[in-house]
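Student: Shown below is the structure under consideration.
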Amino acid sequence: MSEKVLMKGNEAIGEAAVQAGCQCYFGYPITPQNELTAYMSKRMLEEGRVFIQSESEIAAINMCFGAAAVGVRTMTSSSGPGISLKQEGISYIAGAELPVFYANVMRGGPGLGNIAPSQADYFQCTRGGGHGDYRVIVYAPSDVQEQYDYTMLSFDIADKYRMPVMLATDGILGQMMEPLVLHKYKDPGDLPSKESWRLGDPATQEPIWITSVRLGDGELEEHNFKLQKKYEEIAEKEVRFEETALNDADIVIVAYGTSARVAKSVMEMALADGIKVGLLRPITLWPFPEKRIREIAEKVDNILTVEMSLGQMWEDVRLAACGACRVHLHGRTAGGVPEETAIVDQIKTILSSKGDEIIRNF
Amino acid sequence: MVSKIRCAGFGGQGIVLMGKLLAQAGMMQEKHTTFFPQYGAAMRGGTANCSVVVSDDAIASPMVEEPDVILIMNGPSLDKFESTVRAGGWIFYNTSLIDSEVKRGDVKVFKVAANDVAKEAGSTRSANMVMLGAFAEKVGAVSVEALLGSLDVMLKGKGDKIMSVNREAMKRGAALAK
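Chains as they are written, first to last, in the numbering used here: chain Z, 656 to 1017; chain D, 13 to 190.
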């Protein structure tokens, strides 16, 4: 099966999850991800699997906790406000070391905000999101095909490392339609067995204690150091990014998701004016491609971060560049989408500026 | 070759379907294509619109700031989007519902009495198809044949009557532009 279809980004996430063997979907409606919940309500029933529209987001994430504890693939999805409500559960799931996939189709915030596309949950996505010393792996697709592909990968990676894995996308990528190749899920074949830790049949299996509470003297610290070791391995092995036209670039844009698509238009537009713009597109927001950004910062004079938030990823890019070059910001918020012409204008201003000046669009 | 198209009208005119048909037709012609709908609480009672990009190469941004073509189904949409079209671009508009003239002199204009032609084809509800047919024939970003083919995909299961009225409306729209 390699059928090409025109599909909405939200539905692509759902179909990929079905193909990857997701047995249980639990969700609560919120715009702009409703097509995903609607799609799952139909597809999961067709497949004879579990679909529950829960009474709340908190219920949905705790249902995921339960399903993951018995070793089946499970997911939930929401947008910013709903993901905020799920953070308690995600923290518990991280503490209990269970594999759960969740998608955040980001909208404008803070608060109830609006229903327009946004990347303003970057801090929340990349810092774990809930309480305690933990991380989640975050994939940031930039087209409908990647939403499909990285959803499939997320289930594998969640199982591999026994932890929550998130797809961070936005209202544009969720709502837009694009041709998509519906390839079949391929089991990587080397995922660890769940038998040793999952809850099984109480009649035949010895009791297993799945918990995030560790009250014994030093017990939690020991556990957290173990988690930390896992996160360090992930930071070593799982970083993903795409780079375009970095050689001889006059300036390099760092952007992900929808912003990276706009950046590609900027590259063409700037080249018509004789300006070479390179692009570094983080595909994993955590782990962040900090080593590569550091290398780039050593070579160029200017990096421009383009994001649909007000400097959230800019902080990570500045940390990675560590003063080796100037790091500028083009940020839009609350449904504002970066515009090519404004970015090209800002690039011209940057290239004609001198000294340590940092140029922002606001 | 890149074509950036915006379809606009009021809710119920089938604006989103117009966009989906254009994107589907582009895909069926082996082109790159994106469709993005504008919707939301703020749109209720106002204009509904969507943007489509059809391109021979990979599409960077699905957002359309400065369309090459706008397909306008009602008056408020013409007021809203007339100024956005790139110089030298096209404005197609529905003269069945719009009395005013295009003010700009630096764009090409094609007038389509979409509701009237659709009524002759069997239903005023197919005015959107008339507009699409005229656009495909005149501009050719996607072909009329591909659009007819995309109808089969998008309106699958809607019944022969609806399908034949829509096909007829699209063909009559194309005939207007020949």
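We put the CB at the ideal spot given by N, CA and C, even for glycine.
Checking 8 Å against the spacing of the C-beta atoms, do GLY664/Z and MET924/Z come in under that value?
Tutor: Position 9 of the first sequence, counted from the start, is the residue given in the question as residue 664/Z. Position 269 of the first sequence, counted from the start, is the residue given in the question as residue 924/Z. Contact: no.
Student: Considering Cα atoms alone, identify which of GLY38/D, ARG18/D and PHE48/D is closest to VAL165/D.
Tutor: Here residue 165/D is taken as the residue at index 153 of the second sequence, counted from 1. When each option's Cα is compared against that of VAL165/D, the closest is GLY38/D.
Student: What are the residues of the stretch 28-55 of chain D that lie near chain Z, defined by any Cβ-Cβ distance shorter than 7 Å?
Tutor: LYS32, ALA35, GLN36, MET39, THR45, THR46, PHE47, PHE48, PRO49 and GLY52
Student: Suppose contacts are defined by Cβ-Cβ distances below 8 Å. Is LYS123/D in contact with VAL65/D by that definition?
Tutor: Counted from its first residue, the second sequence places residue 123/D at position 111. Counted from its first residue, the second sequence places residue 65/D at position 53. Cβ distance not < 8 Å, so LYS123/D and VAL65/D don't count as in contact.
Student: LYS815/Z to LEU846/Z, Cα distance in whole Å?
Tutor: As a first step, residue 815/Z is located in the first sequence; it is residue number 160 there, counting from the start. As a first step, residue 846/Z is located in the first sequence; it is residue number 191 there, counting from the start. Cα to Cα, the separation comes out at about 6 Å.
Student: Within 10 Å of its beta-carbon, does ALA858/Z have 16 or more other beta-carbons around it, so buried, or fewer, so exposed?
Tutor: Along the first sequence, one-based indexing puts residue 858/Z at 203. Exposed.
Student: Short of 7 Å Cβ to Cβ, which residues in the stretch 71-96 of chain D face chain Z?
Tutor: ALA72, SER73, PRO74, MET75 and GLU77
Student: From LEU188/D, ASP68/D, SER138/D and GLU132/D, pick the residue whose C-alpha is nearest to that of LEU167/D; which is it?
Tutor: Numbered from its first residue, the second sequence carries residue 167/D at position 155. Looking at the Cα atoms, SER138/D is the closest of the given residues.
Student: Measuring straight from C-alpha to C-alpha, what distance separates GLU962/Z and TYR911/Z?
Tutor: Your numbering for residue 962/Z matches position 307 in the first sequence. Your numbering for residue 911/Z matches position 256 in the first sequence. Taking the straight line from one Cα to the other gives about 7 Å.
Student: Could you give the distance in angstroms between the alpha-carbon of PHE47/D and the alpha-carbon of GLU874/Z?
Tutor: Within the second sequence, numbered from 1, the residue matching residue 47/D stands at position 35. Within the first sequence, numbered from 1, the residue matching residue 874/Z stands at position 219. Going from the Cα of PHE47/D to the Cα of GLU874/Z covers about 53 Å.
Student: CA-CA distance, HIS985/Z and PRO862/Z?
Tutor: Against the first sequence, residue 985/Z aligns to sequence position 330. Against the first sequence, residue 862/Z aligns to sequence position 207. HIS985/Z and PRO862/Z: Cα-Cα distance of roughly 54 Å.
Student: In this structure, how does DSSP classify VAL727/Z when only helix, strand and coil are distinguished?
Tutor: Within the first sequence, residue 727/Z is the residue found at index 72, counting from 1. In the structure shown, VAL727/Z adopts coil according to DSSP, grouped into three states.
Student: Exposed or buried, which one is GLN883/Z when buried takes at least 16 other CB atoms within 10 Å?
Tutor: To locate residue 883/Z, count along the first sequence from 1; it is residue 228. GLN883/Z is exposed by the Cβ-count criterion.
Student: List the residues of chain D that ARG936/Z touches, going by C-beta distances under 9 Å, in chain order.
Tutor: Here residue 936/Z refers to the residue found at position 281 when the first sequence is read from its first residue. Residues of chain D passing the Cβ test: none, with the nearest at roughly 12 Å.
Student: Does any C-beta atom of chain D lie closer than 8 Å to the C-beta of VAL868/Z?
Tutor: As a first step, residue 868/Z is located in the first sequence; it is residue number 213 there, counting from the start. No, because no Cβ of chain D sits closer than 8 Å to the Cβ of VAL868/Z.
Student: Identify the residues that DSSP records as bridge partners of ASP621/Z: which are they?
Tutor: This structure does not reach residue 621/Z, given that chain Z is present from 656 up to 1017, and the question cannot be answered.
Student: Do you know how far the Cα of ASP798/Z is from the Cα of ALA35/D?
Tutor: Mapped onto the second sequence, residue 35/D falls at position 23. Mapped onto the first sequence, residue 798/Z falls at position 143. Note on geometry: alpha-carbon atoms of ALA35/D and ASP798/Z lie some 15 Å from one another.
Student: Could I get the ranges of all uninterrupted beta strand (DSSP E) runs contained in the stretch 106-156 of chain D, with 3 residues as the minimum, in chain order?
Tutor: 120-124
Student: Using the three-state DSSP reduction, which class does ASN902/Z fall into: helix, strand or coil?
Tutor: Taking the first sequence and counting its residues from 1, the one referred to as residue 902/Z is at position 247. The answer is coil: DSSP assigns ASN902/Z none of H, G, I, E or B.
Student: Can you give me the C-alpha to C-alpha distance between ASP118/D and THR45/D, rounded to a whole angstrom?
Tutor: By 1-based counting over the second sequence, the position of residue 118/D is 106. By 1-based counting over the second sequence, the position of residue 45/D is 33. Rounded to whole angstroms, ASP118/D to THR45/D spans 27 Å at the Cα level.
Student: Going by other Cβ atoms of all chains shown within 10 Å of its Cβ, with 16 needed for buried, is PHE810/Z buried or exposed?
Tutor: As a first step, residue 810/Z is located in the first sequence; it is residue number 155 there, counting from the start. Buried is the call here.
Student: For ARG18/D, which beta-bridge partners are listed by DSSP?
Tutor: Mapped onto the second sequence, residue 18/D falls at position 6. ARG18/D is bridged to SER63/D and ILE82/D.
Student: Out of TYR777/Z, GLU1012/Z, GLY766/Z and THR729/Z, which has the shortest C-alpha to C-alpha gap to TYR757/Z?
Tutor: Numbered from its first residue, the first sequence carries residue 757/Z at position 102. Cα-wise, what sits closest to TYR757/Z is THR729/Z.
Student: With 8 Å as the threshold, decide whether the Cβ of ARG916/Z is near any Cβ in chain D.
Tutor: As a position in the first sequence, residue 916/Z is number 261, starting the count at 1. Interface residue, yes.
Student: Should the stretch 776-793 of chain Z be regarded as contacting the stretch 716-731 of chain Z, the criterion being three or more beta carbon pairs within less than 8 Å?
Tutor: no
Student: If we count the other Cβ atoms within 10 Å of its Cβ and call it buried at 16 or more, is ARG782/Z buried or exposed?
Tutor: Residue mapping note: residue 782/Z aligns to position 127 of the first sequence, counting from 1. By the neighbour-count rule (16 or more Cβ atoms within 10 Å), ARG782/Z is not buried but exposed.
Student: Going by the beta-carbon positions, is the gap between CYS980/Z and ASN957/Z smaller than 8 Å?
Tutor: On the first sequence, position 325 is the one that residue 980/Z refers to. On the first sequence, position 302 is the one that residue 957/Z refers to. Taking 8 Å as the Cβ cut-off, CYS980/Z and ASN957/Z qualify as a contacting pair.
Student: From the DSSP output, in three-state form, read off TYR680/Z for me.
Tutor: On the first sequence, position 25 is the one that residue 680/Z refers to. Strand, per DSSP.
Student: Is there a Cβ of chain D sitting closer than 8 Å to that of LEU661/Z, yes or no?
Tutor: As a working mapping, residue 661/Z is identified with position 6 in the first sequence. At least one chain D Cβ lies under 8 Å of LEU661/Z.
Student: Using 10 angstroms around the beta-carbon of ASN902/Z, count the other beta-carbons present and answer buried if the total reaches 16, otherwise exposed.
Tutor: Within the first sequence, residue 902/Z is the residue found at index 247, counting from 1. Exposed.
Student: Spell out the partners DSSP gives GLU897/Z in its beta bridges.
Tutor: Along the first sequence, read from residue 1 onward, the residue named residue 897/Z stands at position 242. Its beta-bridge partners are ARG936/Z.
Student: Given a limit of 7 Å on CB to CB distance, which residues of the stretch 805-836 of chain Z reach chain D?
Tutor: For the stretch 805-836 of chain Z, the beta-carbon criterion of a distance under 7 Å to any beta-carbon of chain D is satisfied by ILE827, GLN830, MET831, MET832, GLU833 and PRO834.
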